[in-house]
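Comments concern the structure below.
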Amino acid sequence: MTKTTIDLPPKGGFSFDLCRRNAFLESQGTKMPKFRKTGTTIVGLIFKDGVILGADTRATEGEIVCDKNCEKIHYLAPNISCCGAGTAADTENVTDMVSSQLELHRYATGRDSRVVTALTMLKSHLFGYQGAVSAALVLGGVDVTGPHLHAVYPHGSTDTLPFATMGSGSLAAMAMFESRFKEGMTREEGIEVVCAAICAGIFNDLGSGSNVDLCVITKGGKEYLRNYQQPNPRSYTHSKGYHFTSGHTAILSSKIRALRNQVRVVEGDAMEEE
Amino acid sequence: MGDSQYSFSLTTFSPSGKLVQIEYALTAVGAGQTSLGIKASNGVVIATEKKLPSILVDENSVHKIQLITPNIGVAYSGMGPDSRVLVRKSRKQAQQYKRLYHEPIPLSQLVRETAAVMQEFTQSGGVRPFGVSLLVAGFDDNGPQLYQVDPSGSYFSWKASAIGKNVSNAKTFLEKRYTDDMELEDAIHTAILTLKEGFEGQISGKNIEIGIVDASRKFRVLTPAEVDDYLAEVE
């Protein structure tokens with residue numbers, strides 16, 4: 001038998017082959033495409049009965065707001081949710097993928113998913129792509145071992161914290177948390193602090209805006225409060241509508257053209273039926 | 275599939291036009307413990323014997339009826355380890371579908387893909403056909419459905435079916451008892467009675483397993499206590 005070299009398919013991880021080409025093109029003056037980012041303020045905190053996750057709802061493409069009410073709190077498992085900041089496609093796909101893996105894991109083990117399982121799956125994936133997957137996540141949930149909250153960075157490192165913020169509005173939100181957080185808050189107190197933190201991001205960071213989404217996870221279940229607060233209502237529409245009388249726009253020239261009738265009717269016999 | 279030394283299929287035609295390996299696989303299924311399924315108007319029930327090789331085996335560790343998705347479950351007759359491989363592949367296929375279309379996989383498509391896997395193993399190098407027949411039950415947008423998949427890769431949708439040992443008696447029993455407007459509770463009782471027909475020894479919640487799916491679209495395996503309750507009702 002002749003010896004042939006076997007081309008093994010790449011095992012996974014990012015293929016950096018095209019990066020040199022991209023760098024060359026950029027140096028030649030090619031404009032790189034803008035991608036949709038979630039500028040974002042995302043937060044999470046642990047309260048007496050579990051975890052509260054919060055997020056704003058603005059998605060940006062460069063300087064333009066491309067979605068005024070997007071969903072940044074993603075489903076991972078019946079008892080685990082994840083807020084995502086960074087490139088929207090990356091956060092959505094990585095959370096979808098881990099959600100799928102967690103479901104398979106639940107069938108294989110016969111148990112409810114644990115937050116640390118989701119954490120390990122996310123950080124291994126992100127580390128393998130060496131930061132190319134631009135997803136910064138706040139992961140929270142309640143499992144048999146209790147409530148857990150983690151911050152996951154794009155390169156694969158994680159923090160385990162009682163309160164966490166990520167995204168461009170994280171500093172504004174963290175300022176609120178540092179001054180108002182206390183251990184063992186009730187649900188109402190926790191929601192108030194989370195809303196204050198997200199609003200701080202909404203009003204002080206250009207990358208965040210629109211509404212506040214919340215997700216409250218306790219041992220009893222998960223409550224997704226979509227658009228819990230809407231501090232930026234569209235209040236500038238005129239109730240009577242807008243009318244512009246003629247003369248507002250200057251007419252430079254006018255030309256009238258008759259539309260010719262293109263249809264000719266021809267009398268004929270009906271088709272014979274068999 | 276398989277090393278280059280075994281790139282030929284071990285399943286080859288006999289002069290009479292049969293694939294003997296598949297016939298033998300069906301024999302292996304026929305020697306397996308009885309499983310049956312009944313489709314009711316508002317749900318599906320599948321049941322299987324769970325005779326353990328010795329009284330020393332911990333029955334809580336044995337799960338013959340498995341979940342593939344939240345609304346689809348499967349029972350088997352034949353070789354347990356072969357069924358595990360198929361269940362694993364089916365679960366993965368269901369997840370891939372969900373990732374692509376963001377909705378749960380319809381039962382008929384899942385069955386088609388599982389059957390395709392089983393057929394692959396009758397025509398690939400170095401592998402043998404699966405020694406199991408599967409009864410797949412689920413509730414999706416097309417209502418309650420019950421499918422049977424054979425080692426050859428052929429699949430059928432059934433109103434009621436039985437596989438494994440004692441299958442002819444079980445099917446005759448089901449033919450007599452089945453009605454189109456049966457409800458899930460009646461179907462569960464009928465399933466228990468059918469299993470009881472060919473059962474050797476004392477039937478109880480510990481040596482049979484029953485899985486049901488109703489309009490809530492949540493497939494679940496009944497606990498031994500619940501099975502005992504149904505057994506008491508049937509007496």
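Protein chains in written order, with the working numbering: chain Z, 1 to 274; chain E, 275 to 509.
Note that beta-carbon positions come from the ideal geometry of N, C-alpha and C, so glycine has one too.
Against Leu-104 of chain Z, what residues of chain E qualify as contacts under a CB-to-CB distance less than 8 Å, listed in chain order? Under a criterion of Cβ atoms nearer than 8 Å, the residues of chain E adjacent to Leu-104 of chain Z are, in order, Arg-365, Lys-366 and Gln-369.
Please report how far the alpha carbon of Ala-88 of chain Z lies from the alpha carbon of Gly-304 of chain E, in whole angstroms. Between the alpha carbons of Ala-88 of chain Z and Gly-304 of chain E lies a gap of roughly 53 Å.
Under 9 Å between C-beta atoms, does Met-275 of chain E make it to chain Z? Note that Met-275 of chain E has pLDDT 48, beneath the 50 cutoff, so the model's placement of it is unreliable and the number below is only indicative. Between Met-275 of chain E and chain Z, the shortest Cβ-Cβ separation is not below 9 Å.
Within 10 angstroms of its Cβ, does Thr-165 of chain Z collect 16 or more other Cβ (buried), or is it exposed? So Thr-165 of chain Z counts as buried.
The stretch 317-345 of chain E: positions lying closer than 8 Å to chain Z by Cβ: Shown in chain order are the members of the stretch 317-345 of chain E whose Cβ falls below 8 Å from a Cβ of chain Z: His-337, Gln-340, Leu-341 and Ile-342.
Thr-218 of chain Z - partner residues in DSSP beta bridges: According to DSSP, Thr-218 of chain Z bridges with Z:Gly-50 and Z:Gly-221.
With a cut-off of 9 Å, does the C-beta of Gly-141 of chain Z fall near any C-beta of chain E? So, not an interface residue.
Report the start-end ranges of each beta strand (DSSP E) in the stretch 396-423 of chain E that is 3 residues or longer and not cut off at the edges. If we require 3 residues or more, the beta strand (DSSP E) runs fully inside the stretch 396-423 of chain E come out as 406-414 and 417-423.
Within the same chain, show all residues whose beta-carbon is closer than 6 Å to that of Met-176 of chain Z, passing over the 5 residues directly before and after it, in chain order. When the five nearest sequence neighbours on each side are left out, the beta carbons in the same chain lying within less than 6 Å of the beta carbon of Met-176 of chain Z are those of Ala-196, Ala-197 and Ala-200, in order along the chain.
When burial is assigned at 16 or more other CB atoms within 10 Å of the CB, is Met-1 of chain Z buried or exposed? At Met-1 of chain Z, the pLDDT of 48 sits below 50, so the modelled position is not reliable; the number obtained from the coordinates is stated separately. Around the Cβ of Met-1 of chain Z, a 10 Å sphere holds fewer than 16 other Cβ atoms; the residue is exposed.
Proximity winner among E:Gln-476, E:Phe-447 and E:Lys-492, relative to Ala-506 of chain E (alpha-carbon distances): Nearest C-alpha to Ala-506 of chain E: E:Gln-476.
9 Å Cβ cutoff met for Thr-40 of chain Z and Ser-168 of chain Z: Taking 9 Å as the cut-off, the Cβ atoms of Thr-40 of chain Z and Ser-168 of chain Z count as close.
Verify the CB distance criterion: does Met-121 of chain Z have a CB-CB separation below 9 Å to chain E? So no, Met-121 of chain Z is outside the interface.
Counting only beta-carbon separations shorter than 9 Å, does Ser-254 of chain Z have a partner in chain E? Residue-level contact check: Ser-254 of chain Z does not touch chain E, since none of the beta carbons of chain E fall below 9 Å from its beta carbon.
Touch test, the stretch 436-445 of chain E against the stretch 413-421 of chain E, Cβ-Cβ under 8 Å, three pairs minimum: No, because fewer than three Cβ pairs between the stretch 436-445 of chain E and the stretch 413-421 of chain E fall closer than 8 Å, the two stretches do not touch.
Check whether Thr-95 of chain Z and Leu-76 of chain Z have beta carbons under 9 Å apart: Yes. Within cutoff.
Chain Z contact for Arg-451 of chain E (CB, 9 Å cutoff): No - not a single Cβ of chain Z is within 9 Å of the one on Arg-451 of chain E.
Under a Cβ-count criterion, where at least 16 other Cβ atoms within 10 Å of its own Cβ denotes burial, should Lys-222 of chain Z be classed as buried or exposed? Per the 10 Å Cβ criterion, buried.
May I have a chain-ordered list of the beta strand (DSSP E) segments no shorter than 3 residues that lie completely inside the stretch 29-103 of chain Z? Runs found: 42-47, 50-55, 59-61, 64-67, 73-77 and 80-87.
Would you mind working out which of E:Gly-400, E:Lys-433 and E:Glu-297 sits nearest Ser-288 of chain E, comparing C-alpha positions? Distances from the alpha-carbon of Ser-288 of chain E to those of E:Gly-400, E:Lys-433 and E:Glu-297 put E:Glu-297 closest.
Span of the beta strand (DSSP E), counted from its first residue to its last, around Asn-378 of chain E: The sequence shown places Pro at residue 378 of chain E, rather than the Asn named in the question. It is not in any beta strand (DSSP E) - Pro-378 of chain E carries neither H nor E in the DSSP assignment.
Ignore the nearest five residues each way along the sequence and tell me which others in Gln-393 of chain E's own chain have a CB closer than 6 Å to its CB. Close CB contacts of Gln-393 of chain E within its chain, under the 6 Å cut and outside five residues either way in sequence, are with Gly-427 (chain order).
So which residues on chain Z does Lys-372 of chain E lean against when the C-beta distance must stay under 7 Å? Near Lys-372 of chain E (Cβ distances below 7 Å), the residues of chain Z are Ser-100.
Amino acids of chain E, ordered along the chain, whose beta-carbon sits closer than 7 Å to that of Gly-107 of chain Z: For the sequence presented, residue 107 of chain Z should be read as Tyr rather than Gly. For Tyr-107 of chain Z, the chain E residues whose Cβ falls inside 7 Å of its Cβ are Leu-341 and Arg-365, in order along the chain.
Run through chain E and tell me which residues come within less than 7 Å of Asp-96 of chain Z, C-beta to C-beta. Within 7 Å Cβ-Cβ: Arg-373.
How many Å lie between Ala-321 of chain E and Asp-454 of chain E at the Cα? Distance between Ala-321 of chain E and Asp-454 of chain E, taken at the CA atoms: about 19 Å.
Could you spell out the range, first to last residue, of the beta strand (DSSP E) harbouring Ile-437 of chain E? Counting along the chain, Ile-437 of chain E sits inside the beta strand (DSSP E) bounded by residues 434-437.
Does the distance from the CB of Val-216 of chain Z to the CB of Arg-180 of chain Z come in under 9 Å? No.
Quick one: is Arg-402 of chain E near chain Z, going by C-beta distance under 9 Å? The C-beta of Arg-402 of chain E comes no closer than 9 Å to any C-beta of chain Z.
Continuous beta strand (DSSP E) stretch holding Val-144 of chain Z: start and end: Unbroken run through Val-144 of chain Z: none, as it is neither H nor E.
Using a 10 Å radius around the Cβ and a threshold of 16 neighbouring Cβ atoms, would you call Glu-272 of chain Z buried or exposed? With fewer than 16 other Cβ atoms inside 10 Å of its own Cβ, Glu-272 of chain Z counts as exposed.
Kindly indicate which three-state DSSP category Tyr-228 of chain Z falls into: helix, strand or coil? In the structure shown, Tyr-228 of chain Z sits in a strand (DSSP, three-state: E or B).
What residues match up with Gln-130 of chain Z in a beta bridge as DSSP calls it? According to DSSP, which records beta bridges pairwise, Gln-130 of chain Z is partnered with nothing at all.
Any Cβ of chain E within less than 9 Å of the Cβ of Gly-221 of chain Z? Interface criterion not met: the Cβ of Gly-221 of chain Z is under 9 Å from no Cβ in chain E.
Which residue comes first and which comes last in the alpha helix (DSSP H) that contains Ala-465 of chain E? Residues 458-471.
Using a Cβ-Cβ cut-off of 6 Å (strictly less than) and excluding sequence neighbours within five positions of Val-495 of chain E, which residues of its own chain qualify? Cβ within range, chain order: Ile-339 and Gly-485.
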